[in-house]
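Here's the structure we're looking at; comments come further down.
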Amino acid sequence: MSKITEEVKNKNKVVKKILAIKKVSEVAEVKEIKNSSTDSDVVTEIREKKFDLTDPRTLRDFLKLHRIWTKKKFGQNFLQCRESLERIVELGELSPGEIVVEVGPGHGVLTRELLQEGVIVHAVEIDPDVLPALSASTQQWKKNLTVDNCHVLNFNPPKGKYKFIAN
């Protein structure tokens with residue numbers, strides 16, 4: 002058995018301990034955790050919505066919790082650099098209440114930052130598999146978030162002025 006296969010089996014055991022979750026719209030609400038303190042820390046952060054998706058350990062555990070893997074056909078990449086994230090938001094010159102269209106929000110790392118700026122986000126995500134993770138990571142701002150599961154070319158943007166942001 003290869004080292005990678007062994008690691009995957011061990012990680013699957015950890016994931017099974019964490020995966021007591023309500024329904025998709027309440028993914029961040031974890032019901033039960035068993036024994037492992039490192040997993041418990043991450044799940045507690047997720048439950049309390051204080052987690053940082055640019056932290057490699059948190060991101061790894063969050064993606065594993067939601068069973069997300071990058072898909073080459075969508076050209077997915079998950080933004081992990083805090084400085085780049087802050088720079089994207091800074092260059093957006095955002096003001097509270099503005100409307101932003103975000104293409105490819107994935108698990109929501111940029112979406113969270115945009116929502117924390119007080120903007121209204123229309124997220125366009127082609128991959129239906131990441132939607133539960135996006136919902137979980139943005140739960141506390143859901144009133145300012147609309148998600149369209151479609152290709153950006155099929156998206157009908159909001160009427161009026163809006164800013165277009167993607168990573």
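Everything in the sequence shown is counted per our numbering, starting at 2 for the first residue and increasing by one.
The C-beta atom is built at its ideal place from N, Cα and C for all residues, glycine as well.
Only residues of its own chain outside the window of five on either side were considered, and among them 121, 159 and 163 have a CB closer than 6 Å to the CB of residue 100, listed in chain order.
The Cβ atoms of residue 131 and residue 60 lie no closer than 9 Å to each other.
Nearest Cα to residue 145 within the set 105, 117 and 95: 117. Annotation for residue 97: 118, 119 and 120 place their beta carbon closer than 8 Å to its own, counting only its chain and skipping 5 residues before and after.
Residue pairing by DSSP places residue 147 opposite 123 in a beta bridge.
The three-state secondary structure of residue 87, taken from DSSP, is helix. Buried is the label assigned to residue 106, since at least 16 other Cβ atoms lie within 10 Å of its Cβ.
Counting the other CB atoms within 10 Å of its CB gives residue 103 a total of 16 or more, which places it among the buried residues. Here residue 138 is buried, its C-beta having at least 16 other C-beta atoms within 10 Å. Going by C-alpha positions, residue 153 is about 10 Å away from residue 124.
C-alpha of residue 161 to C-alpha of residue 150: approximately 21 Å in a straight line.
For residue 164, the enclosing beta strand (DSSP E) begins and ends at 164–167.
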